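Okay, so here's the structure we're looking at.
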Amino acid sequence: MTKNINLYKAGVAFRRGLIYLLLFLFAMIFLLPFLFLLTGSFKTTSELFSVPFHWLPEKWTFDNYYAVFHNIPFFRYLRNTLIIVVFNIIAALVSNSLVGYGFARLRWPGRDKVFMIVIVTMILPYQVTLIPVYMMFTKLRWIGTFLPLTVPGFFGNAFYIFLMRQFLAGIPREITESARIDGANELQIYARLFLPISKPVLATVAIMSFMRAWNDFLGPLIFLGSDQRYTLSLAASMLRSNLDPNWELLLALGAVMVIPVLILFFLLQRYFIQGITMSGIKG
Amino acid sequence: MTRRERREARSGLLFVLPWMLGFLIFTLYPILCSLYYSMCNYSVIGAPKFIGAANYINLLRDRTFLASCFNTAYMILIGVPVTTVIAVTVSVLLNYRKLRGTGWMRVVFFVPTLVPTVVACLLWIWVMQPDSGIVNTLLGYIGIRGPGWLSSPAWAKPAFLLMMIWTCGNAVIIYLAGLQDISPTLYDAAAIDGAGFVRQSFYITVPLLRPTILYNVVTLIIGVFQWFAEPYIMTEGGPSNATMFYSLYLYQNAFTFFKMGYASAQAWIMLLMAMIIIAALFKGFRFGETEMG
């Protein structure tokens, strides 16, 4: 009897070890491209192109990072990116919390039907609206400015509205009632009662709009005409499409672009995950 | 309606006003416009000229368009299922109750999704490099001579598939959340009946995870239709249109050749195809759902 139990225990331990090993190997494979980005950015040109491949640089060099900050207008690209990012975060926080509040806490005729439209626009491919929107911005003479990448944010985003509404709808109704009896109007209730409670979901919205603006490629590609307005992503792709791209510089630039996101992620992991899991709930 | 209700309704409408305006300006009006453009000859300069269904008919004869449909279908029929199986497997294993110390792995699987798309593309050009790339170096260790990947018409799409798998972290996070909702008592009951981890996974986990799988599959499919930056930066659609994906060709028609009407027709075909696929999936996945309770 005890022998059987021991055998069973050994089997469980073996299986556990096997699964762990499997996951471990797979996780390592997922990490390899990062390892390459980091080590590659410290390699010299000749070593980067050397065959066979070197996992670690034989001679570590900081030249590539020096080049990122000195040979290309890095700080201009960074400033452009940050302008777009900051405006998008502010726009997302203001507009979506207002709209989410209107859908979650106030009753008006047709509200739930209109909210269905919000949900439907979430899966609408942007290609269907892209061309007319582009023509609209052309007529407004907004091409080559940051406006096409910042102004639409102030009109709300279906997904963020959904997140805000789900969060706000979960707050008990009594809170609002007592404030109403005290004579507060809706804007006051929204600003003094709900905004402070909504911090976690606001953080999620802020992070997601940061990620979206920081990573966006198609928008800048279409709407930002000249090098003067390029974002980091767009600049990186333009440098790559050169006839003879400077790969060491590009890898260092890539590392510089990834690092802020990674730092933000490790600081605010909870909010990153929250936004993604909440998107799955409606499924 | 009482006065108070009317006042509430008025403030409600005021609160959602930004979205309503945005919907009219940036969604409804553009959709109608693009439907009209799709039936026009429109080259930015000059007004759109109505030509009926000509764009749609020409698209069906356009070899590049058909190639883009084929490549997109390939990714949907092969890429999406492979990615889904891997993401579900990883999530189920990560969720294995008897396993400790997997927290850091969750982070590892998620982190690739944090890499800006453009950087990921630059990285993968190198990862897939025929002579000095990581993939072929690893294959070399076990004695396999790796293919040319992005420069080979036959291997370029599998290279994109590998990249798709690498960025499955979002799906993993959603699966893990879905797995949390499955009651542990079900597993206990199954264990008493003698079902091991593998059988529990197939008979309890996967069926109960179905709504989450559906959500992730739909998201992946929409993602494939919208794939743009990756082929644009990594291959520009080549070699010989092997990686000409749907949105890339749409972009080229619109912003390289300025055939706005033609591109609008592409957008509408995409919308219809995506809707049909999603509707079919919903039907397929819903099948037998009631019996599961």
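Protein chains in written order, with my numbering: chain A, 1013 to 1295; chain B, 1036 to 1328.
Even glycine gets a Cβ: it sits at the ideal position worked out from N, Cα and C.
Here the structure is a predicted model, which means the values were calculated and not measured.
- For V1127/B, same chain residues with a beta-carbon under 6 Å away, outside a window of 5 residues either side, are S1236, T1240 in chain order.
- Contact note: S1046/B reaches chain A through L1118, E1198, using a C-beta cutoff of 7 Å and chain order.
- Runs of alpha helix (DSSP H) with 4 or more residues, each lying fully within the segment 1195-1242 of chain B, are found at 1204-1215, 1219-1227, 1232-1235, listed in chain order.
- For S1078/B, the uninterrupted beta strand (DSSP E) run begins and ends at 1075-1078, by DSSP.
- Taking the Cα positions, Q1301/B is about 11 Å away from I1143/A.
- Fully contained in the segment 1164-1198 of chain A are the following alpha helix (DSSP H) runs of length 4 or more, in chain order: 1170-1181, 1186-1193.
- Y1172/A and V1217/A have their alpha carbons spaced roughly 6 Å apart.
- Looking at the backbone, the Cα of Y1020/A and that of T1202/B are separated by about 38 Å.
- Per the coordinates, the alpha-carbon of I1102/A lies some 11 Å from the alpha-carbon of G1168/A.
- Rounded to whole angstroms, the separation of the alpha carbons of V1154/B and F1293/B is 28 Å.
- At the C-beta level, S1186/B and V1063/A stay beyond 8 Å of one another.
- In the DSSP annotation of this structure, the continuous segment of the alpha helix (DSSP H) that includes N1106/B starts and ends at 1098-1109.
- The beta carbon of L1244/A sits closer than 7 Å to those of Y1089, L1090, T1093, M1269, all from its chain and outside the five residues before and after it, given in chain order.
- By the beta-carbon neighbour count (other beta carbons within 10 angstroms, threshold 16), G1287/A is buried.
- Secondary structure within the segment 1122-1187 of chain B: the alpha helix (DSSP H) runs of 4 or more consecutive residues, fully enclosed, are 1138-1145, 1152-1162, 1169-1176 (chain order).
- With a threshold of 8 Å between beta carbons, M1220/A makes no contact with chain B.
- Assignment of beta-bridge partners to F1085/B by DSSP yields C1075/B.
- In the DSSP annotation of this structure, the continuous segment of the alpha helix (DSSP H) that includes M1148/A starts and ends at 1139-1151.
- Collapsing the DSSP output to three states places P1257/A in coil.
- Check the Cα spacing between R1119/A and each of I1169/B, I1086/B, E1043/B: the tightest is with E1043/B.
- Taking a Cβ-Cβ threshold of 8 Å, none of the residues of chain A is close to M1279/B; the smallest such distance is about 15 Å.
- In this structure, the CA atom of T1162/A is about 38 Å from the CA atom of R1038/B.
- The three-state reading of DSSP puts V1063/A in coil, since its state is none of H, G, I, E or B.
- Inter-residue distance for F1127/A and T1289/A is about 20 Å (C-alpha atoms, whole angstroms).
- Burial is judged here by how many other beta carbons sit within 10 angstroms of a residue's own beta carbon; L1255/A has fewer than 16 and is exposed.
- Within chain A, the residues placing a beta-carbon under 8 Å from that of I1257/B are I1135, P1137, ordered along the chain.
- For the segment 1077-1104 of chain A, no residue has a beta-carbon sitting nearer than 8 Å to a beta-carbon of chain B.
- Per DSSP, T1247/B is one residue of the alpha helix (DSSP H) stretching across 1245-1260.
- Judged by beta-carbon spacing, V1111/A lies within the 8 Å limit of P1053/B, meaning their Cβ atoms are closer than that value.
- By the neighbour-count criterion, in which 16 or more other beta carbons inside 10 Å mark a residue as buried, Y1238/B falls on the exposed side.
- The criterion of a C-beta distance shorter than 8 Å is not satisfied by P1246/B and N1227/A.
- Within 8 Å of the CB of P1160/A, no CB atom of chain B is found; the nearest one sits about 10 Å away.
- When DSSP states are grouped into helix, strand and coil, T1119/B belongs to the helix group.
- Contact annotation: in the segment 1068-1082 of chain B, residues whose CB is within less than 7 Å of a CB in chain A are C1068, S1069, Y1072.
- With three or more CB-CB distances shorter than 8 Å, the segment 1246-1261 of chain A counts as touching the segment 1055-1072 of chain A.
- For K1318/B, the enclosing alpha helix (DSSP H) stretches over residues 1295-1321.
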